[in-house]
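Participant: Have a look at this one before I ask anything.
In the UniProt record's numbering, the protein residues as written are 1 to 317.
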């Protein structure tokens with residue numbers, strides 16, 4: 001193996017160091033890579049992985065370099081989609097170089113094509129497993145208000161044998177070492193992308209990292225600082241707007257809308273209540289009207305009718 005890839009967490013960040021002679025280093029806020037993986041459209045790359053598998057099959061029989069080049073080109077395409085795929089490219093480059101050195105003889109074991117063609121389905125399964133784990137253990141809104149340790153024990157005692165739907169933790173290739181002058185920590189040396197997923201899921205559990213579904217995009221996000229945050233910081237358009245920014249405006253608009261609805265309702269209520277004292281209407285007539293008015297107000301707050309339609313009803317009722 002002529003490359004290195006290692007991962008660790010320190011000071012609220014996750015670090016990735018990888019490469020051959022020239023090492024690259026990338027850091028992200030803790031939880032970023034797992035959340036990005038959780039909502040990656042893996043099926044969009046199914047044809048790409050299938051194409052790599054077909055090229056490997058052709059390489060078995062033809063031993064032509066162009067099929068190896070097809071695989072390398074496809075790997076270059078997938079890498080920008082997620083940091084974990086950097087390992088996939090390094091791993092398969094190394095395998096293909098070794099296969100070339102042995103003139104592509106007896107390479108089926110060295111280049112197992114199903115490892116590539118099954119990636120989309122494997123990742124999709126893990127995505128669903130992680131979401132289910134979150135909902136039972138780390139989600140502030142859906143999991144019981146109990147210690148994470150207790151929730152994990154209950155969850156795996158009840159569902160641990162269901163290997164299709166329950167996330168399965170595996171042994172990890174870990175070290176414990178000096179990173180720099182101020183950091184000594186556990187370091188993962190992943191053998192494949194699934195090791196990294198496993199590593200970050202267990203880090204979420206170990207750190208009791210709370211999560212919540214964003215009220216704007218409907219995706220999980222990791223809570224940092226405030227536990228009452230309702231919106232994530234994911235960008236939602238090419239203008240750089242985020243769910244948090246749009247969500248706060250939306251919440252303000254909804255509140256303002258409710259205030260406006262209440263104002264027009266209150267104004268009409270007080271006017272008609274004054275009619276009772278003036279002898280213009282009977283109390284029974286007023287109460288019958290107020291009951292219907294509350295129903296229309298509820299519809300307006302729920303968005304079933306517009307504010308203008310509510311005002312029109314009040315005017316004509």
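Glycine included, C-beta positions come from ideal geometry on N, C-alpha and C. If you're wondering where the values come from, they're calculated on a predicted model, not measured in any experiment.
#1: With three or more beta-carbon pairs closer than 8 Å as the criterion, would you say the segment 135–149 touches the segment 192–202?
#2: Identify whether residue 169 lies in helix, strand or coil by the three-state DSSP scheme.
#3: What are the start and end residues of the beta strand (DSSP E) that includes residue 212?
#4: Which residues in the same chain have their Cβ closer than 8 Å to the Cβ of residue 81, if we skip the five residues on either side of it in sequence?
#5: Return the CA-CA distance between residue 277 and residue 259, expressed in angstroms with no decimal places.
#6: Between which two residues does the alpha helix (DSSP H) containing residue 67 stretch?
#7: Are the segment 162–177 and the segment 58–73 touching by the rule of at least three beta carbon pairs closer than 8 Å?
#8: With a threshold of 16 other CB atoms inside 10 Å of the CB of residue 92, please say whether the residue is buried or exposed.
#9: In whole angstroms, what separates the C-alpha of residue 107 from that of residue 97?
#10: Pick helix, strand or coil for residue 1, following the three-state DSSP scheme.
#11: If you scan the segment 234–307 from start to end, which runs of the alpha helix (DSSP H) of 4 or more residues do you find wholly inside it?
#12: Would you say the segment 219–230 touches the segment 23–37, given that touching needs at least three Cβ pairs under 8 Å?
#13: Contact defined as beta carbons within less than 8 Å: I believe residue 307 pairs with residue 268. What is the distance between those atoms, to the nearest angstrom?
#14: Which same chain residues end up closer than 7 Å to residue 244 when comparing Cβ atoms and leaving out the 5 residues on each side of it in sequence?
#15: Less than 8 Å separating the beta-carbons of residue 53 and residue 113?
#16: Go through its chain and collect everything with a Cβ distance to residue 65's Cβ below 8 Å, but skip five positions before and after it.
#17: Alpha carbons only, please: which of 86, 264, 226 and 25 is nearest the one belonging to residue 13?
#18: At which residues does the alpha helix (DSSP H) containing residue 206 begin and terminate?
Facilitator: For this structure:
#1: no
#2: Working through the chain shown from its first residue, we reach residue 169 at position 169. In the structure shown, residue 169 sits in coil (DSSP, three-state: anything other than H, G, I, E or B).
#3: Numbered from 1 along the chain shown, position 212 holds the residue referred to as residue 212. Where residue 212 is concerned, the enclosing beta strand (DSSP E) starts and stops at 211–213.
#4: Start at 1 with the first residue of the chain shown, and residue 81 comes out as number 81. So the list reads 40 and 45, once near-sequence residues are dropped.
#5: To locate residue 277, count along the chain shown from 1; it is residue 277. To locate residue 259, count along the chain shown from 1; it is residue 259. Cα-Cα distance, rounded: 27 Å.
#6: By one-based count along the chain shown, residue 67 stands at place 67. First-last of the alpha helix (DSSP H) with residue 67: 65–78.
#7: no
#8: One-based indexing of the chain shown puts residue 92 at position 92. Residue 92 is buried by the Cβ-count criterion.
#9: Counting from one through the chain shown, the residue named residue 107 turns up at place 107. Counting from one through the chain shown, the residue named residue 97 turns up at place 97. Taking the CA atoms as reference points, residue 107 sits about 11 Å from residue 97.
#10: Within the chain shown, numbered from 1, the residue matching residue 1 stands at position 1. In this structure, residue 1 counts as coil in the three-state DSSP scheme.
#11: 243–278 and 283–301
#12: yes
#13: For this step, residue 307 is matched to residue 307 along the chain shown. For this step, residue 268 is matched to residue 268 along the chain shown. Incorrect: roughly 13 Å between the Cβ atoms, too far for contact.
#14: Here residue 244 refers to the residue found at position 244 when the chain shown is read from its first residue. Taken in chain order, the residues that qualify are 231, 232 and 233.
#15: Here residue 53 refers to the residue found at position 53 when the chain shown is read from its first residue. Here residue 113 refers to the residue found at position 113 when the chain shown is read from its first residue. It is a contact, given that the beta carbons lie within the stated cut-off.
#16: Working through the chain shown from its first residue, we reach residue 65 at position 65. Only 100 meet the Cβ criterion.
#17: Working through the chain shown from its first residue, we reach residue 13 at position 13. Comparing Cα-Cα distances from residue 13 to each of 86, 264, 226 and 25, the minimum goes to 25.
#18: Here residue 206 refers to the residue found at position 206 when the chain shown is read from its first residue. First-last of the alpha helix (DSSP H) with residue 206: 193–206.
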